[in-house]
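Below: the structure, in structure tokens.
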Amino acid sequence: MKINKSSLNYPIAYFVLIAGAALSVLSFAVASKLDNAMTKNDFFVFASDRTILFEKAVIDDLNVLQTMAGFYYAGENVERDEFRVITEYIFSWQHDIMSISWLPRVINIDRRSFEEAVREEGFSDFCITELDPEGLIRNSLERSEYFPMYYVEPFEENKPIFGFDAASEPVRRLAMERSRAGGRPMATAWVKTVSGYSDNLACRIFIPIYDTYVSSGQARQSDDTLKGFVSLIFDIAKTAEMSWRGLQPRGINAYIVDKSDPDSEGTIFFYNLKKQAFVKSKIVIEPKDGLIWRKIINFAGREWEMIYTPSPEYYAAYKIRSVRPWAVLILGISLSIVLFAHILELLGRTAKIELDVKNRTLELSDSNAKLKNAQRELVQSEKEAALGRFSVGISHEVKNPLSVILGGVEYLEAKLANADNDIKQNVNIIKKSVLSANVILDNILQYVRPSSLNVDITNLNDLVNEVAPLFKLQPTTTKAEIVVELSPDRILMKVARNQIHQVIFNVVKNAIEASSAGGKVIIKTGKAEGFGVISVIDSGSGMSEQVLSNLFEPFFTTKRPGKGVGLGLVVAKNIIDNHKGKLVIDSEEGKGAVVRIFLPLA
Ligand code: ADP
Ligand code: MG
1084 MKINKSSLNY
1094 PIAYFVLIAG
1104 AALSVLSFAV
1114 ASKLDNAMTK
1124 NDFFVFASDR
1134 TILFEKAVID
1144 DLNVLQTMAG
1154 FYYAGENVER
1164 DEFRVITEYI
1174 FSWQHDIMSI
1184 SWLPRVINID
1194 RRSFEEAVRE
1204 EGFSDFCITE
1214 LDPEGLIRNS
1224 LERSEYFPMY
1234 YVEPFEENKP
1244 IFGFDAASEP
1254 VRRLAMERSR
1264 AGGRPMATAW
1274 VKTVSGYSDN
1284 LACRIFIPIY
1294 DTYVSSGQAR
1304 QSDDTLKGFV
1314 SLIFDIAKTA
1324 EMSWRGLQPR
1334 GINAYIVDKS
1344 DPDSEGTIFF
1354 YNLKKQAFVK
1364 SKIVIEPKDG
1374 LIWRKIINFA
1384 GREWEMIYTP
1394 SPEYYAAYKI
1404 RSVRPWAVLI
1414 LGISLSIVLF
1424 AHILELLGRT
1434 AKIELDVKNR
1444 TLELSDSNAK
1454 LKNAQRELVQ
1464 SEKEAALGRF
1474 SVGISHEVKN
1484 PLSVILGGVE
1494 YLEAKLANAD
1504 NDIKQNVNII
1514 KKSVLSANVI
1524 LDNILQYVRP
1534 SSLNVDITNL
1544 NDLVNEVAPL
1554 FKLQPTTTKA
1564 EIVVELSPDR
1574 ILMKVARNQI
1584 HQVIFNVVKN
1594 AIEASSAGGK
1604 VIIKTGKAEG
1614 FGVISVIDSG
1624 SGMSEQVLSN
1634 LFEPFFTTKR
1644 PGKGVGLGLV
1654 VAKNIIDNHK
1664 GKLVIDSEEG
1674 KGAVVRIFLP
1684 LA
């Protein structure tokens, strides 16, 4: 027997596959969440960085102003040339500052002499100016004090405002007044610049200068000690651009709102990334995902709100990042599948090995069994051979005395030809018994060691005639009558005489033994199908199916011990087969039997 398949189930492999897939999905979810959080967090970091840098940049501008103030407190006077050198130096690195100016306080009684002095400096048509209602520059109307742009650098670009009374204009005046009141720097609301510097959003800061420096926290200085203002104006877009230069990613929208402006709703400015300029905006557009960052910075007495939102450029960068969770998912699932396949293969290999081992074991036990069988058969055949040798020895030993007895009996027969019938019959019985015993021994010898064919041409009828008389003497209780019906033809064949005698004897003996008293056994000769045929017909007990199917089994007999050995038909069939003939038996239980011996014609 061979096993081809073993019942395999792979719970471990499936567990690995499912667990792997589940872990991948979980990793995907976690990675997505994390990426979202990172995108949000990164955005806030970027926005916060921008605010800090912007705030630092505007404070730098304020520091410039405070440094300038330092010069005024350091010496008696700052000359125009000195002012130019200082400011030129500042412009060389502080690029967002559009101009720096010195605005001395000129009280009305000093106006003429002041204007006169400036004209003497070489500005022949100098006078203090202001804007008329049409926005044109004119000679200033009379006021108690003036703050003209006396030094203004760079001068060429700012010539139109040279002498312009800053306090004459409301936006500037408000900042100046607050600066003066607080003794601190103050910024104006945003203005669109008047100068030719750029058409952009700008902020002007003023810082008051007094006769002497008094550190903050002390009592406010009186108006009489106010010498004037140092002021500067810077370009907010430029400030932003400078402070954000080189920042990645660029894709962040910025708004700036002046919260201090009473009209702050109208002063939302949007930083246009392409133009690098602030443009007026009506509203802050809030993104759907709520990614918005707001921070108020305090600058020179004003509150500016910085607002940031992501631009499409930022989302594009973020999209690239959103590929990662998918990569995690695909990688995870692929790995699980590979692992699953690998485990399947390993399990398959193990199962195959198990199967092989089982099959080998089976084969081994199989051949073991065969070996045992062969051993047993060997012992058996040795036993049989020994038994055969024994039977042959015994048979020969018995046959010798039997022939001596037969010789003696035949001698007596001859001597007692005239003796009593009684005596003659007894001698006859002895003779028949000896002959019968001799045939039984022949059967045993023939079965154990078949003798070789020693053939000669014989008439079939002769063969029957030579055996039949023996039965006339048969010592049997069943007194069946033997009827011989010989064929009128000479039927010649090549046979081993003795052996065919034995066959006829065996078959006829069976027929007589099956018959009851008064029965008839017919022995017929004839020809059929190219054979010489001897038919032995009886009307005795017949044979059952079961008996018929066992007839040629050695030692099969239905007779009681001492009556039958079960070799008669076996030997008969062997002999006939050796003669290339046939032995055909027809019988039914209770209906007698017909046994036909077919022998090839000579
Ligand atoms: P034995 O005569 O020693 O039993 P045989 O080989 O001669 O052995 O016969 C085997 C058996 O076949 C017999 O025991 C008998 O039952 C059956 N048999 C043979 N010939 C006949 C017959 N003519 N009628 C009935 N039974 C027969
Ligand atoms: Mg017999």
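Numbering (the numbering used here), first residue to last: 1084 to 1685. Positions of the beta carbon are idealized from the N, C-alpha and C atoms, including for glycine. Since the structure is predicted, the reported quantities are computational estimates derived from the model, not experimental observations.
Check	Outcome
Could you give the distance in angstroms between the alpha-carbon of residue 1546 and the alpha-carbon of residue 1464?	36 Å
Any residues whose CB sits closer than 5 Å to a heavy atom of the ligand MG? List them in chain order?	1593 and 1651
Kindly examine the ligand ADP and report whether one of its heavy atoms sits closer than 7 Å to the Cβ of residue 1603.	no
What is the DSSP secondary structure of residue 1184, counted as helix, strand or coil?	strand
Nearest by alpha-carbon distance to residue 1627: which of 1228, 1255, 1672 and 1365 is it?	1672
Any idea if residue 1409 is buried or exposed, counting beta-carbon neighbours within 10 angstroms, 16 or more meaning buried?	exposed
Of all the beta strand (DSSP E) runs that stay within the bounds of the region 1557-1599, which reach a length of 3 or more residues?	1564-1568 and 1575-1578
Under DSSP, the beta strand (DSSP E) around residue 1742 begins and ends at which residues?	Residue coverage of the chain in this structure runs from 1084 to 1685, which leaves residue 1742 outside it and unanswerable.
Within its chain, find whatever has a CB closer than 7 Å to the CB of residue 1625; leave out the 5 residues flanking it on each side and keep chain order.	1670, 1671, 1672, 1673, 1674, 1675 and 1676
Rounding to the nearest angstrom, what Cα-Cα distance links residue 1212 and residue 1228 in this structure?	13 Å
Anyone know if the C-beta pair for residue 1133 and residue 1337 falls short of 8 Å?	yes
Taking 7 Å as the cut-off, is the beta-carbon of residue 1554 closer than that to any non-hydrogen atom of the ligand FMN?	As far as ligands go, the structure on display features the ligand ADP and the ligand MG and does not contain the ligand FMN.
Going by Cα to Cα distance, which pick from 1615, 1639, 1644 and 1638 is closest to residue 1664?	1615
Using 7 Å as the cut-off, classify the Cβ of residue 1653 as near or not near the heavy atoms of the ligand ADP, replying yes or no.	yes
Below 8 Å, can you find three or more Cβ-Cβ pairs linking the region 1171-1187 to the region 1205-1224?	no
Please tell me whether residue 1638 and residue 1648 are closer than 8 Å, where the distance is taken between their beta carbons.	yes
Does DSSP put residue 1300 in a helix, in a strand, or in coil?	Residue confidence is low: residue 1300 scores 49 on pLDDT, short of 50, so the model does not pin down where it sits. No coordinate-derived value is stated.
Taking the straight line between their C-alpha atoms, what separation do you get for residue 1406 and residue 1127?	22 Å
Tell me the DSSP bridge mates of residue 1377?	1390
Can you round the beta-carbon distance between residue 1151 and residue 1316 to whole angstroms, since I take them to be within the 8 Å contact cut?	13 Å between Cβ atoms; not a contact.
Considering only residues of the same chain and omitting the five flanking positions on each side of residue 1554, which have a CB-CB separation below 7 Å?	1565, 1591 and 1595
Under the rule that 16 or more other beta-carbon atoms within 10 Å means buried, what is residue 1269, buried or exposed?	buried
Just reading off the beta strand (DSSP E) that residue 1504 is part of, what are its end residues?	Premise fails: residue 1504 lies in the alpha helix (DSSP H), 1504-1531, not in any beta strand (DSSP E).
What number of angstroms, rounded off, separates the C-alpha of residue 1422 from the C-alpha of residue 1434?	18 Å
Curious, which full-length alpha helix (DSSP H) runs of at least 4 residues does the region 1113-1197 contain?	1163-1174
In this structure, how does DSSP classify residue 1356 when only helix, strand and coil are distinguished?	coil
Using 8 Å as the threshold, is the C-beta distance between residue 1608 and residue 1543 below it?	yes
Can you check the region 1187-1271 for any alpha helix (DSSP H) of at least 4 residues that lies completely inside it and give the ranges in chain order?	1194-1204, 1238-1241 and 1253-1265
Under 8 Å, do residue 1585 and residue 1501 count as touching if we go by C-beta distance?	no
With a threshold of 8 Å, are at least 3 pairs of Cβ atoms found where one atom belongs to the region 1316-1329 and the other to the region 1133-1143?	yes
Is residue 1657 near the ligand ADP, in the sense that its beta carbon is under 7 Å from a heavy atom of that ligand?	no
Using only alpha-carbon positions, find the residue among 1321, 1351 and 1106 that is nearest to residue 1415.	1106
Which value, in whole angstroms, describes the spacing of the CA atoms of residue 1153 and residue 1389?	31 Å
Per DSSP, which residues does residue 1713 bridge with? Please list them.	The question about residue 1713 has no answer here: the residues shown for the chain are numbered 1084 through 1685.
Hey, how far is the Cα of residue 1680 from the Cα of residue 1505?	38 Å
Since residue 1553 is in the alpha helix (DSSP H), which residue starts that stretch and which ends it?	1543-1555
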